[in-house]
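Converting from the sequence shown to my numbering requires adding 5 to each position, the first position being numbered 1. Structure, as structure tokens:
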Amino acid sequence: MTVDKRALIFDMDGTIVDNMAFHTQSWITFFERRGRAIDADEFFRTTAGRQGKEIIRSHMGEHLADEEVAVLNHEKEAVYRELYAPHLKSVAGFDDLIADARSQGILLAVGTAAPPANVEFTLDGLDLRRHFETVVGATDVPRGKPHPDVFLEAARRCGAAPADCIVFEDAPLGVEAARRAGMRCVVITTTLPREAFAEFDNVIAIVDDFSSLSLEALYA
């Protein structure tokens, strides 16, 4: 008898770690250096989950060469890592949840818009990479969220059907990406209130952190 594989797919920034305020501050610093001002709340609402290169092009022009975008994105992410390094830790309950999942044979994956340097900074800095079947980042898929590419690729690598995957997200663009992928979603309210997710019919739980979650309830 074939047993269907189940998988939990985690967004990284704002989900595994509560770091989105530091990302926003690094973007503010990045644009201030260029004489530009941004509204922090509006910026987060419209960009959380998007790849850095997409954000740079949308704010600075589609005419920029790929090499120039890469240099600019590297600068911004270096500012972010410097800001967040003293605060690096996983969201409450995360370690217990993934330990429980692994004990039940549930596969774990990361689906993030983060570039490789940030993935290394977070997952290796917290010694978490060893727990995941696969990590899909910004360089692994052509399109960022709300496109479903990152979650579909994570599911493919795990050998799990989308219907058997549960995504964990903190941003509307990520929840929409999960919806387009045909996946249910758990929202972690590290950065936005639950009201921001009222329109999504694929959300099965909205929680402050991972400590109150039960895998049995999620898969019921």
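By construction, the Cβ of each residue, glycine as well, lies at the ideal position given by its N, Cα and C atoms.
Alpha carbon of residue i to alpha carbon of residue j, nearest angstrom
| i | j | result |
| --- | --- | --- |
| I171 | E158 | 14 Å |
| T195 | I61 | 24 Å |
| E138 | K10 | 12 Å |
| A201 | H79 | 30 Å |
| K94 | P153 | 27 Å |
| H92 | A70 | 34 Å |
| G110 | G19 | 25 Å |
| E73 | G40 | 18 Å |
| D16 | Q56 | 13 Å |
| T7 | S108 | In this prediction, T7 scores a pLDDT of 47, lower than 50, which makes its location untrustworthy; no coordinate-derived value is stated. |
| R281 | H68 | The question about residue 281 has no answer here: the residues shown for the chain are numbered 6 through 225. |
| G149 | A119 | 10 Å |
| E47 | A165 | 35 Å |
| A42 | F35 | 10 Å |
Same chain, Cβ closer than 6 Å to residue i, five either side skipped, listed in chain order
| i | result |
| --- | --- |
| G187 | P167 |
| L128 | R134 |
Strand pairing of residue i, partner residues [DSSP]
| i | result |
| --- | --- |
| S95 | V22 |
| L13 | L113 and I171 |
| C163 | According to DSSP, C163 bridges with nothing at all. |
| A210 | V191 |
| V141 | G116 |
Among the options, nearest to residue i - alpha-carbon criterion
| i | options | result |
| --- | --- | --- |
| F156 | R41, H136 and E181 | E181 |
| R38 | V84, D71 and T52 | V84 |
| D44 | R55, H64 and C190 | H64 |
| R161 | P151, K150, A176 and D145 | D145 |
| T52 | E67, H28 and F205 | H28 |
| F49 | K58, R41 and I33 | I33 |
| D100 | A90, L77 and D132 | D132 |
Own chain partners of residue i with C-beta closer than 7 Å, once the 5 adjacent residues on each side are dropped
| i | result |
| --- | --- |
| S31 | K81, V84, Y85 and L88 |
| F126 | R86 |
| A122 | E82 |
Contact check, residue i vs residue j, beta carbons under 8 Å
| i | j | result |
| --- | --- | --- |
| A106 | L220 | yes |
| I14 | A114 | yes |
| F215 | V140 | no |
| E174 | C190 | yes |
| A212 | I193 | First, the residue type needs correcting, since residue 212 is Val and not Ala in the sequence shown. Their beta carbons are under 8 Å apart, which means V212 touches I193 by this criterion. |
| G98 | T117 | no |
| A203 | L223 | no |
| L112 | A225 | no |
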